[in-house]
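Protein chains: 2
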Amino acid sequence: MKILIVDDEEMIRAVLREYIEFEGGEADEASDGMEAVKLCRERDYDVILMDVMMPRLDGFSAVKEIRKFKQTPVIMLSARGEEYDKLFGFEIGSDDYVTKPFSPKEVMARIHAVMKRGKGAQTSQEVYEFEGLHIDMEGRTVTVDGEKAELTPKEYELLFYFVRHNGVALTRERLLNKVWGYDFYGDDRTVDTHVKMLRGNLKEYRKFIVTLRGLGYKFEA
Amino acid sequence: MKILIVDDEEMIRAVLREYIEFEGGEADEASDGMEAVKLCRERDYDVILMDVMMPRLDGFSAVKEIRKFKQTPVIMLSARGEEYDKLFGFEIGSDDYVTKPFSPKEVMARIHAVMKRGKGAQTSQEVYEFEGLHIDMEGRTVTVDGEKAELTPKEYELLFYFVRHNGVALTRERLLNKVWGYDFYGDDRTVDTHVKMLRGNLKEYRKFIVTLRGLGYKFEA
DNA sequence: TAATGTATGTCAAGCGGTTGTCAAAACGCA
DNA sequence: TGCGTTTTGACAACCGCTTGACATACATTA
Chain R
1 MKILIVDDEE MIRAVLREYI EFEGGEADEA SDGMEAVKLC RERDYDVILM
51 DVMMPRLDGF SAVKEIRKFK QTPVIMLSAR GEEYDKLFGF EIGSDDYVTK
101 PFSPKEVMAR IHAVMKRGKG AQTSQEVYEF EGLHIDMEGR TVTVDGEKAE
151 LTPKEYELLF YFVRHNGVAL TRERLLNKVW GYDFYGDDRT VDTHVKMLRG
201 NLKEYRKFIV TLRGLGYKFE A
Chain Z
1 MKILIVDDEE MIRAVLREYI EFEGGEADEA SDGMEAVKLC RERDYDVILM
51 DVMMPRLDGF SAVKEIRKFK QTPVIMLSAR GEEYDKLFGF EIGSDDYVTK
101 PFSPKEVMAR IHAVMKRGKG AQTSQEVYEF EGLHIDMEGR TVTVDGEKAE
151 LTPKEYELLF YFVRHNGVAL TRERLLNKVW GYDFYGDDRT VDTHVKMLRG
201 NLKEYRKFIV TLRGLGYKFE A
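Chains as they are written, first to last, in this note's numbering: chain R, 1 to 221; chain Z, 1 to 221.
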């Protein structure tokens, strides 16, 4: 049980951590949204506890950002009445919410509930939508403006890796290591060819794959 | 899972529908009691979500009316404190209630609870119909255009697993683990052979089993 | 601005891997 | 033992990956 606690109040983080560790869990802490996003890129969490009101990047925006590359369940922590509508609609993709002041026990209960749910569903619903580009990793389908795109295995893997690292600059070397595997010994221009094919299949959405001269590529949507 | 949502606020209906459909359910909507009664006469629902305060015919009266001809489980949605006593006593024949503002997650949990309760009476038989392909898991029968298909045990298990994961990309490894069991140590090409046999038995509906080159297979209907 | 070198885009062809298919062998149950 | 089922191995057909060559775009320097 790995939890990320995101709150600007150290006291709150400390209390939650206490409870999580008491139950044998592991907790990381972030004091604002930016930090949270960064940590999420680096590690996988079972649940994220996310405060709404924070400096730099607020909770809603942070979840939105994280959703671009991960589907980790999120429980929002908010002051009563604070942006209530958003919480209600879960427009930003959170899975539950708790209003402050909350009892740590309640939070723990929600954590367990969310984790249980996730296990039941089993599938971590990796579905992305960028304008008219629809990507379903579970079903291994990609549609461009509603029309199904027929990709080759490598193209799927490459695209999925791109999407999971949306906005991250990727060198050819890293792509070869991660998509082709560490045991691949070949020309790194191979990447270029596959990017070309992938771009062709993405039609107008080829624009999402940006060339970084002297470096590699980046998926940006 | 067929749900009828009755509420005069379109926003609330939309949110609930979203959640129901996300879980693979089907939802109809009514904006007042009269409409709800009308729809209930025409169709059978697994659960009805019924708001209390509505124009024309209120929730309590609507349930009373529906109870005259159907026993569909009802979950009442009401503002906190609103006619609390009635809700609490379930005098009007509702099976559960949720007070607004509620979290959609909570509502979903109640739906599951109510449906589970109801299941004791009538087992939700796992019967699937894809065009002319009829699959009855409980009866362990498969008919192709009305003609019974004779499958071997493994073929049944494989098909059932496929159907239960309709639209999901499945690797040979996963199929071996789930259908053959984790203790199977053999060639993963074994899957191919069984897929071949299964396809042969499904005749024209072999098309539902899609090959995902470099990965495995997917059932898609 | 022109010249030059480097990086990337693009394409086609051959090779190698993956899958469809079948038959024979191995297995398991009555 | 005998039968149906499962698994394995072999072969053919097919498809995708990789590579090398050339074209083009970009950056650097004079």
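Cβ coordinates follow ideal geometry from the N, Cα and C atoms, glycine included. No experiment lies behind these values; they were computed from the predicted model shown.
So, using beta-carbon positions, are residue i and residue j closer together than 7 angstroms?
| i | j | result |
| --- | --- | --- |
| I20/R | A27/R | yes |
| K70/R | C40/R | yes |
| E10/R | V37/R | no |
| V191/R | R174/R | no |
| M50/Z | V6/Z | yes |
| D58/Z | G25/Z | no |
| V142/Z | L151/Z | yes |
| L158/Z | V127/Z | no |
| R213/Z | P153/R | yes |
| L4/Z | Y45/Z | yes |
| I75/R | R43/R | no |
| F160/R | M197/R | no |
| K203/R | V144/R | yes |
| G167/Z | G139/R | yes |
| V52/Z | S78/Z | yes |
Does DSSP classify residue i as helix, strand or coil?
| i | result |
| --- | --- |
| D51/R | strand |
| D187/R | coil |
| E65/R | helix |
| K2/Z | strand |
| F219/R | strand |
| E131/Z | coil |
| E138/Z | coil |
| L202/R | helix |
| A121/R | With a pLDDT of 34 at A121/R, under the threshold of 50, the modelled position of that residue is not reliable, and no figure is offered here. |
Which residues of chain R have a Cβ atom closer than 9 angstroms to the Cβ of residue i, listed in chain order?
| i | result |
| --- | --- |
| V163/Z | What V163/Z touches in chain R: nothing, since even the nearest Cβ is about 15 angstroms away. |
| V168/Z | T123, E138, G139 and R140 |
Under the criterion of a Cβ to heavy atom distance below 6 angstroms, does residue i qualify as lining the ligand PLP?
| i | result |
| --- | --- |
| E147/Z | In terms of ligand content, the structure shown is empty, and the ligand PLP therefore cannot be addressed. |
Closer than 7 angstroms by beta-carbon distance: list the chain Z residues that pair up with residue i, in chain order.
| i | result |
| --- | --- |
| P73/R | The contacting residues do not exist; P73/R stays about 11 angstroms from chain Z at best. |
Using a Cβ cut-off of 8 angstroms, pull out every chain R residue sitting near residue i, in sequence order please.
| i | result |
| --- | --- |
| R213/Z | T152 and P153 |
| K218/Z | G139 and R140 |
Quick test of your reading: residue i and residue j, contact by CB under 8 angstroms. State the CB separation rounded to the nearest angstrom.
| i | j | result |
| --- | --- | --- |
| F130/Z | A30/Z | That belief does not hold up - the Cβ atoms of F130/Z and A30/Z are roughly 30 angstroms apart, past 8 angstroms. |
| V47/R | M115/R | 6 angstroms |
| A169/R | G216/R | 7 angstroms |
| E155/Z | N201/Z | 6 angstroms |
| H134/R | F219/R | In fact, because the Cβ distance is near 15 angstroms, the residues do not count as touching under 8 angstroms. |
Quick check for students: name the residue ranges of the alpha helix (DSSP H) that lie wholly in the region 4-50 of chain R, counting only runs of 4 or more.
10-22 and 33-42
Q.
As an exercise, report each continuous alpha helix (DSSP H) stretch of at least 4 residues that is fully enclosed by the region 149-193 of chain R, in chain order.
A. 153-164 and 172-175
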